[in-house]
Each structure stands twice: as C-alpha cells, then as structure tokens.
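Notes follow once the structure below has been shown.
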Amino acid sequence: MLPKASTLLLALTAIASAAEANRDHDDDHRPGHGDRGRDRDGWLSDDDNAYWSDGGGWWNDDLDGLNNPSIPPFTLPITIPDLFPVREVQPRTVIAHSANNRWDNQCTNPVLNERNYVYQYSTGFGQTLLHIFQFPEEVRGRTCWLELHVQNPTWNTASPTVQVNVFRTTQLPICTGRSRQNFRGASVGRLNVPTNGIALWARTDTAEWTSKRPCPVPGTEVGFEFAIEGTNAGFSYPQRTGVGVRVLYE
C-alpha cells in the first residue's frame, strides 16, 4: 500500500563530470590554443577558446565553473500526490423501519439529507435505519470498512455517547408494497456514538466492516441496520458527502 502524500526533498547534485570526461577524452588529439581545426574527437579551437562537440551542439571548453567543487548541492521540493486516497461510498438507499413493525418502511427522500433519526422508547415505539450500499468499480482491489460520522446533530439523548447496534441484513429491504421487513441478520458490532465526530466500536462481532478488509466485488449490494441499544435513547445525524453512515475504501 502506498504511503500518504508527502513532500520529498530530492538532492540533485549539480556536477559536470560527464562533460569533463568527454572533454578530456583524448588530450593527445586535442588541438591547442592558437590552432584552428577539427580533430577526430570533434574538437575545434581558435585563438581564444577551445570547443568540443557531442553531436548535439558545441560546448565552450572554458566553462570551468561547472567543475568547481565549491558549488554546493541544491534541493528541489517535489510534492507526490496520493495515488490511493481514502474515498467513500454513500448509501444508495436509506430506509426508516418501525422497530415494532407498526408502520410501513419509508425511504428517505432524498437519500442525502440533514436529519436521520435512530431511536427507541420503552413503550416499544422506535425506529431503526436500513442503509443499502452498491459498490462501484472504483473499489476493485481496495480495502473497505464501515464508518458512522456524526456532525452537528440536532438530537442526542446521551452524554457523551449513545450506543447503536449494527447488523447485516440477510437480503435487501425495500420501501414499496407496504413492506415492513428489515431482514435483520448477523451482528456486526456496537458503536459508541458521540454528540459530534466519528463513532468508535465498543464491541466488534466480526472483523469484516469493523476493520479494513478486501472490498466486495464491484456491483455487490450490502445492507446494514442501525438500531439503538437500550431504551429511551436516540440520536440524529446528517447523511451527505463526508458524514453519516458510509463505507470508506483505500
């Protein structure tokens, strides 16, 4: 895996040893000052200067400054961009599901919005959220993990955190045809959700999605359910680029 973007100082030493080697290739055949002519090594001289040719141009023999050992090396800052920066996959569908199946599943419209609610009351009334992801071609060969990022929530019952359980769905829930199914499957883990910031795993029940693992094959669809742990608790969060429930990959 490639490192993050960084600025590298590449030491480039300004020397002319190659030119010096060519210039002194054969001093025995080099015409002296005062002569004018060309020898077999391509040297040309006149009364004031000596020149040599490498086939691509003429070079002045008196450029002694190039060979001056007092010239220090110089550095050139070069910025190497990230070739594999962390990117995200936003859910294609978010479905509000009645915790006690009292009402039909509701698709949030639009999917990207400022208020998504997860809550549970002791009366049994509550709401879980189902997130369905479809993975694009860009995840091929990458590693993926699940993240919840809460930013400026409008409601949170706990301080400093509220807990939410995360489950995989056994099949993809729908919000049409008066469906009330959430298709809850195996537990992924439990998150401590802060009032602002990234939720951290309080418990993990699988390494998949709770840590960096190979991404699904592009085109795969995966569903997750978020349900409050306990009662009389809940929180809200925005779902948009950079925040909300998302799958990160790099």
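Counting in our numbering, the sequence shown runs from 1410 upward without gaps. Heads up, the beta-carbon is just placed ideally off N, CA and C, and yes, glycines get one too. Since the model is a prediction, treat every value here as computed from it, not as a measurement.
Per-residue burial, residue 1512 [other beta carbons within 10 Å of its own, 16 or more giving buried]: Exposed is the call here.
First through last residue of the beta strand (DSSP E) which encompasses residue 1544: Residue 1544 -> no beta strand (DSSP E), and no H or E assigned at all.
Whole-number beta carbon distance between residue 1508 and residue 1537, since they are thought to touch under 8 Å: Yes, they are in contact, since the Cβ atoms of residue 1537 and residue 1508 sit about 6 Å apart, within 8 Å.
Counted within 10 angstroms of its Cβ, other Cβ atoms place residue 1561 as buried (16 or more) or exposed: It is exposed - the Cβ of residue 1561 has fewer than 16 other Cβ atoms within 10 Å.
According to DSSP, residues forming a beta bridge with residue 1559: Looking at the DSSP output, residue 1559 shares a beta bridge with 1606.
Own chain partners of residue 1552 with C-beta closer than 7 Å, once the 5 adjacent residues on each side are dropped: Within the same chain, residue 1552 has close Cβ partners 1621, 1622, 1623, 1624, 1658, 1659.
Proximity winner among 1619, 1554, 1631, relative to residue 1580 (alpha-carbon distances): A check of alpha carbon separations from residue 1580 across 1619, 1554, 1631 identifies 1631 as the nearest.
Burial state of residue 1595 (16 or more Cβ within 10 Å): Exposed is the call here.
Nearest-angstrom Cα separation, counted from residue 1615 out to residue 1519: Distance between the alpha carbons of residue 1519 and residue 1615 is about 31 Å.
Cut-off 6 Å between Cβ atoms - residues of its own chain near residue 1497, not counting five sequence neighbours on either side: Here the set comprises 1655, 1657.
Nearest to residue 1530 (by Cα), restricted to the options 1653, 1649, 1638, 1650: For the residues 1653, 1649, 1638, 1650, the minimum Cα distance to residue 1530 belongs to 1638.
Under the three-state DSSP convention, the category residue 1548 falls into: In the displayed model, residue 1548 falls within a helix according to three-state DSSP.
DSSP beta-bridge partners of residue 1535: As DSSP reads the structure, residue 1535 sits in a beta bridge with 1529.
DSSP state of residue 1521 mapped onto helix, strand, coil: Three-state DSSP puts residue 1521 in coil, outside helix and strand.
Boundaries (first-last residue) of the beta strand (DSSP E) holding residue 1631: The continuous beta strand (DSSP E) containing residue 1631 extends over residues 1630-1637.
Counted within 10 angstroms of its Cβ, other Cβ atoms place residue 1449 as buried (16 or more) or exposed: Interpretation of residue 1449 is limited by its pLDDT of 44, a score under 50 that renders its predicted location unreliable; the figure taken from the coordinates is listed afterwards. Residue burial annotation: residue 1449 is exposed, with fewer than 16 other C-beta atoms found within 10 angstroms of its C-beta.
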